[in-house]
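See below for the structure under consideration.
In this note's numbering, the protein residues as written are 1 to 110.
Okay, structure coming up:
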């Protein structure tokens, strides 16, 4: 390979990385919400702990194998109740996105 080829290749990779970062500038932060009770028999509460008034949230529930079970876009209230009674007992991942923040918590359903 020539130096020109390698330089072009690096430029393309760098450009792609910048494009991806500009589209997805989320910051991992578990401190803006909590879920309870955990473990649960089916119902759980999502509580927002910050004062990001007016920012909608997105809640996604996944199996441990990565299958998406629930996607909800909700207005910015403090408390939400979710129902997992129709799903089998096991461990689920709860992903919450609000503004530039996101967090993932494990939830055990008995």
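Even glycine gets a Cβ: it sits at the ideal position worked out from N, Cα and C.
- Beta-bridge partners assigned by DSSP to residue 95: 60 and 104.
- The beta carbon of residue 100 sits closer than 8 Å to those of 25, 26 and 27, all from its chain and outside the five residues before and after it, given in chain order.
- Here the C-alpha atom of residue 80 lies approximately 21 Å from the C-alpha atom of residue 88.
- In chain order, 61 place their CB closer than 6 Å to the CB of residue 70, counting only its own chain and leaving out the 5 sequence neighbours on each side.
- Here residue 76 is near residue 57, since their CB atoms are less than 8 Å apart.
- Here DSSP, grouped into helix, strand and coil, assigns residue 77 to coil.
- By the Cβ-count criterion, residue 40 is buried, with 16 or more other Cβ atoms from all chains shown falling within 10 Å of its own Cβ.
- By the CB criterion at 8 Å, residue 47 and residue 78 fall inside the cutoff.
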